[in-house]
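A.B. asks: Order-wise, the sequence lines are chains B and R. Its first residue numbered 1, the first sequence is counted upward by one per residue in our numbering. Its first residue numbered 1001, the second sequence is counted upward by one per residue in our numbering. Every residue gets a Cβ at the ideal spot worked out from N, C-alpha and C, and that includes glycine. No experiment lies behind these values; they were computed from the predicted model shown. Pasting a structure below so you can have a look.
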Amino acid sequence: MATLNNLPETQPEATPQQAPERVLAPDIKPIPKGQSLLHRTVLTVYRVFAILALYAVLIGIVSYAFIMGFYAVNTTWAAPVILSDSDEKSLDFLEKLVTSRQTLEDLKVDVTRQQSSLSEMTKHRGSLISLDPELQHAIDRERAHDKVTGPELVTLDSQKIKDNTTTQQVLQELEQTEAQIRKDLAAGLITKADADTQLAALNQSRDAYTDSKIAEVLLTDTVLDKTTRGTKSLDVLEKQAELRSEIAQIDVAINIAAKQLEEDNRQVERLRDAIATAKQSPYYLNANGSKRLYFGFVPYDNQADAKVGAPIYDCYLNVILCRKVGIVKQIFLGEQIVTHPIFKTQVRGLTIQMDLSHPESAKSKTVFLGHKPLLF
Amino acid sequence: MAPVLLWLVMLLCLLISVVKYLMGIILKWSFPSANIRKDYSLQPTVSVLLPCYNEGKTVYETIESISRSNYPNHLFEVIAQDDCSVDDSYRWIQKAQQDFTNIRIRSGRNPVNCGKARTVCNALQHSTSEIIISIDSDCIFHPNAIRELTACFSEPNLGSVGGRVGVRNPNDGIVTTIQTIIYYTAFQLYKIPENWTRSICCISGCLFAIRRQLLLEIEPAIRARNWFGIPVNQGEDRFLTHQTLLRGYGTYIDNDALCWTTVPNTLSVLFKQQLRWRRSIVRDLFYTLRTLPRHVFKLHPNTVFHLVLIPLGAIVALLVVLTMLFTDPLAWVSPTPLIGYLGVAAIFTWVISKYSVKETLSHPLAFGAYVGWSLVSVLFLTPLALCTMDSADWGTRAKSQQEVELGNPQ
């Protein structure tokens, strides 16, 4: 390994070769020998500005990192929310509330109508049900009567048939009598007037037989009615069936109406509950309150410090020199999803109502619940 | 108003990304004719200027790599100019002068430390060649590098040509892994749309070739660079490229001209380096805005686009991130950027392993850490650069004023 120490020193080129003649470009000015006053002024201003800017950048970076870290670990912050009357959510909320109320009123009318209808149906059902035993009783009574009179009529019918048979035999003998009358009239044994009288008597007998025969037939019909189920009784049974069917239909209708009424009543209760809950919403309070109300969003991570009566602090630069500006007045449990005031991410949490002694704090980016975040 | 502004900013970012990367892919794959027609028979004389400050033995290795160049040795020389290094750099230069006798090496030393830009100008005084190649003293050069660069000058209107800078230490750690992918994408995609119209806005000072006459024309401007009276010696590569464009010449990156640099492997050094670069970008943006009205009609629209919009991107990105932090502070927790960067890492690791084996990454997923670095870069570098425009500190070459014992070269 050779070292360079012993190498002879090489002299630099003492005189450079003559450079060709050059012409300065129009935009090139030779460097001034001393700094001009203008340059010195500009430089001074620039250096002051640069130092300030660099310190500002440095402070900005440190502050930014601190704020990021602070809000990553702090669990007491809340974000004030100012709800205006024309706030989109408030308007939307009011619109839904009005719709709910209208639905509730409609449901109430429906319930009344259904109750009335149900009552009417129940009454009608009672009437029909009371009619059914009477009809059954009449049928039973008629059947009992037929049971008694039927056999008697059968006996009478038999007797009537026998009587008519006997009468018919007698009427056959009357034909000989009539022939004898006509012979006697022809022989002049009797007068014409006597003959007509005798023939009329014969016709009356025949007529009586015919009547008797008719009575026999009618009696047979009656016996048939009394001893068997005829169309008449079937009509009665049909009416009884119709009556029962109508009762069953009314039962179904009553059942449906009762269930509908029950459901409507439940719906009414639900709507009442919902409206009652809605009345506890900050948006309702905001829309119906006569004076300005202040609200705040509290992420779930910070929920432990959100207690009614807890003090609220507002800080300069969102962190330091904090002062008490009010207390937590009310806590609304409905979930809210808002944008994180620092990280700009979506955060879940709840809303509180703030009673602020310094209303301007409602415009702060964040406030702190319970205690000062940095003890000063 | 704020959302509209945010959307405009986002639109601008999208436009920049689309133009830079999408156009880069399209042009690279679909328009190879956009590449320059190189004439290797063109063999001008070349002076390789090597400004050096506190590089130690690395400068010896750099000269060694140049000595292996396949460019005809009689047609080029190395002019190493030491900027009053407080270590043994100058002795290493002298050692190289003795060891590599196959090429002509001349050395010089500034009377006082005056920065890289003026050191290049001082070295230029010793040169008489047609083409000047300025290089960094911590880079290793491919033997073809000089040949490739000079061949590009066959295009008569081309003023400056740069080479591709690769990473020597891709697997030193997360920091170098990130830079490897950034460097690769920058040269292989990001600069392609600029190459298309010969309007590269910043040729890396690691490997920067320029016509001698043009450099002589610009040299007074380099020496006169000042910021309200304070000499500016940073960002000379961006300034040179910009001046080339303003003078109506084209600029080009030849990805076949390779050199390898050792990138910072610690966050603090990377931060200082990036701060210096960001300062140059901001300074260049101000210069652009000041001079654009006079030059806007001479320049190609693509050049104007890249000169104005790309530097604006740094400021725009700052606004976007600030707006994002205030409107959606936890957005950066989203895994989307991480997934995006891991996807980029997966793709480019494969591409790099296929086309640049030397830079193959052993832990490509480390590129996911770019999420963190991009936040640091956007949030801190731009404001810091804007507020330290008067700083002349190079940042990454500082050493206490003491002589360092020389080691032995191989």
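Any residues in the segment 1314–1330 of chain R with a beta carbon nearer than 8 Å to a beta carbon of chain B? Which ones, in chain order?
C.D. replies: Listed in sequence order: Leu1325, Thr1327, Asp1328, Pro1329 and Leu1330.
A.B. asks: How close, in whole Å, do the beta carbons of proline 311 of chain B and lysine 324 of chain B come, if the pair is a contact with beta carbons under 8 Å?
C.D. replies: Right, the Cβ-Cβ distance comes to about 5 Å (below 8 Å), so this counts as a contact.
A.B. asks: Provide the residue span of the alpha helix (DSSP H) that contains arginine 383 of chain B, from first to last.
C.D. replies: What the structure shows of chain B is the stretch from 1 to 376, and residue 383 of chain B is not part of that stretch, so it cannot be assessed.
A.B. asks: Measuring CA to CA, which of R:Cys1387, R:Ser1356, R:Val1378 and R:Val1344 is closest to isoleucine 1178 of chain R?
C.D. replies: Selected option, being the one with the closest Cα: R:Val1344.
A.B. asks: Could you check which residue in B:Ala193, B:Thr155 and B:Arg143 has the C-alpha nearest to that of leucine 237 of chain B?
C.D. replies: Looking at the Cα atoms, B:Arg143 is the closest of the given residues.
A.B. asks: Closer than 8 Å, CB to CB, is glycine 1250 of chain R near chain B or not?
C.D. replies: Not one chain B Cβ lies under 8 Å of glycine 1250 of chain R.
A.B. asks: So which of B:Thr166, B:Leu107 and B:Val154 has the shortest CA-CA distance to valine 268 of chain B?
C.D. replies: Looking at the Cα atoms, B:Leu107 is the closest of the given residues.
A.B. asks: Is it right to say threonine 1119 of chain R is buried, meaning 16 or more other beta carbons lie within 10 angstroms of its own, or is it exposed?
C.D. replies: Classification for threonine 1119 of chain R: buried.
A.B. asks: Measuring only the C-alpha atoms, how far is proline 1231 of chain R from leucine 1275 of chain R?
C.D. replies: Each residue's alpha carbon lies about 18 Å from the other.
A.B. asks: Does the beta carbon of arginine 113 of chain B sit closer than 8 Å to a beta carbon anywhere in chain R?
C.D. replies: No, arginine 113 of chain B lies away from the interface with chain R (no Cβ there is under 8 Å from its Cβ).
A.B. asks: So with CB distances below 9 Å, who are the chain B contacts of proline 1383 of chain R?
C.D. replies: Correct list: Ala53, Leu54 and Val57.
A.B. asks: Could you tell me the boundaries of the alpha helix (DSSP H) in which phenylalanine 1100 of chain R lies?
C.D. replies: First-last for phenylalanine 1100 of chain R: undefined, no H or E at that position.
A.B. asks: Could you give the DSSP three-state label for methionine 354 of chain B: helix, strand or coil?
C.D. replies: Looking at methionine 354 of chain B - three-state DSSP - the assignment turns out to be strand.
A.B. asks: Any beta carbon of chain B sitting closer than 8 Å to that of aspartate 1237 of chain R?
C.D. replies: Closer than 8 Å: no.
A.B. asks: Counting Cβ pairs closer than 8 Å, one from the segment 1101–1113 of chain R and one from the segment 1190–1206 of chain R, do we hit at least three?
C.D. replies: Contact between the segment 1101–1113 of chain R and the segment 1190–1206 of chain R is absent, because fewer than three Cβ pairs lie under 8 Å.
A.B. asks: Beta strand (DSSP E) containing leucine 1158 of chain R: first to last residue?
C.D. replies: Looking at the DSSP string, the run of the beta strand (DSSP E) that includes leucine 1158 of chain R is 1158–1167.
A.B. asks: Using only the alpha-carbon positions, how far apart do aspartate 264 of chain B and glycine 150 of chain B sit?
C.D. replies: Aspartate 264 of chain B and glycine 150 of chain B: Cα-Cα distance of roughly 59 Å.
A.B. asks: Name the residue from R:Pro1383, R:Leu1312 and R:Trp1260 whose alpha carbon lies nearest to the alpha carbon of valine 1357 of chain R.
C.D. replies: Of R:Pro1383, R:Leu1312 and R:Trp1260, the residue nearest in Cα terms is R:Trp1260.
A.B. asks: DSSP three-state label for threonine 222 of chain B, please.
C.D. replies: In the structure shown, threonine 222 of chain B sits in a helix (DSSP, three-state: H, G or I).
A.B. asks: Against chain B, which members of the segment 1141–1156 of chain R pass a CB distance test of less than 8 Å?
C.D. replies: Result list empty, no residue passes.
A.B. asks: Taking Cβ-Cβ distances shorter than 9 Å, what residues in chain R pair up with valine 48 of chain B?
C.D. replies: Simply none; closest approach about 11 Å.
A.B. asks: Taking the alpha-carbon of aspartate 163 of chain B as reference, which of B:Thr210, B:Leu202 and B:Ala138 has the nearest alpha-carbon?
C.D. replies: For the residues B:Thr210, B:Leu202 and B:Ala138, the minimum Cα distance to aspartate 163 of chain B belongs to B:Thr210.
A.B. asks: Enumerate in chain order the residues of its own chain whose CB-to-CB distance from threonine 1197 of chain R is below 7 Å, with the five nearest sequence positions on each side excluded.
C.D. replies: Closer than 7 Å at Cβ, skipping near neighbours: His1300, Asn1302 and Thr1303.
A.B. asks: What do you get for glutamine 1401 of chain R, buried or exposed, if any count of 16 or more other CB atoms within 10 angstroms of its CB means buried?
C.D. replies: Because glutamine 1401 of chain R carries a pLDDT of 37, less than 50, the predicted location of this residue cannot be relied on, and the following value inherits that uncertainty. Exposed, because fewer than 16 other Cβ atoms sit within 10 Å of the Cβ of glutamine 1401 of chain R.
A.B. asks: Measuring CA to CA, which of R:Lys1354, R:Val1078 and R:Ile1036 is closest to serine 1127 of chain R?
C.D. replies: The candidate whose alpha carbon is nearest that of serine 1127 of chain R is R:Val1078.
A.B. asks: By alpha-carbon positions, which one of B:Glu178, B:Ile256, B:Gln353 and B:Met68 ends up nearest to arginine 292 of chain B?
C.D. replies: Closest option to arginine 292 of chain B, Cα to Cα, is B:Gln353.
A.B. asks: Who are the Cβ neighbours of leucine 1012 of chain R in its own chain at under 6 Å, not counting the five residues just before and after it?
C.D. replies: Once the five neighbours on either side are set aside, the close Cβ partners of leucine 1012 of chain R are Val1316.
A.B. asks: From the beta carbon of glycine 1115 of chain R, is the nearest beta carbon of chain B less than 8 Å away?
C.D. replies: So no, glycine 1115 of chain R is outside the interface.
A.B. asks: So, for glutamine 260 of chain B: in the same chain, excluding its five sequence neighbours on each side, which residues have a beta-carbon less than 7 Å away from its beta-carbon?
C.D. replies: Counting only Cβ-Cβ distances below 7 Å, and skipping sequence neighbours, we find Gln114.
A.B. asks: How about arginine 125 of chain B and isoleucine 214 of chain B: do their beta carbons lie closer than 8 Å?
C.D. replies: Against a cut-off of 8 Å, the Cβ pair of isoleucine 214 of chain B and arginine 125 of chain B comes out as no contact.
A.B. asks: Determine, using beta carbons only, whether glycine 326 of chain B and serine 357 of chain B come nearer to each other than 8 Å.
C.D. replies: A contact, by the Cβ cut-off of 8 Å.
A.B. asks: If you reduce the DSSP assignment to three classes, tell me which class serine 127 of chain B lands in.
C.D. replies: It is helical.
A.B. asks: Answer with yes or no whether the minimum CB distance from valine 42 of chain B to chain R is below 8 Å.
C.D. replies: It does: the Cβ of valine 42 of chain B has a partner Cβ on chain R nearer than 8 Å.
A.B. asks: Flag this pair as touching only if the segment 1027–1037 of chain R and the segment 1056–1069 of chain R have three or more C-beta atom pairs under 8 Å; answer yes or no.
C.D. replies: Touching, no, given that fewer than three Cβ pairs across the two stretches are closer than 8 Å.
A.B. asks: Alpha carbon to alpha carbon, what distance is there between threonine 351 of chain B and serine 84 of chain B?
C.D. replies: Distance between the alpha carbons of serine 84 of chain B and threonine 351 of chain B: 16 Å.
A.B. asks: Distance check for tyrosine 294 of chain B and valine 367 of chain B, CA to CA, integer angstroms please.
C.D. replies: Cα to Cα, the separation comes out at about 12 Å.
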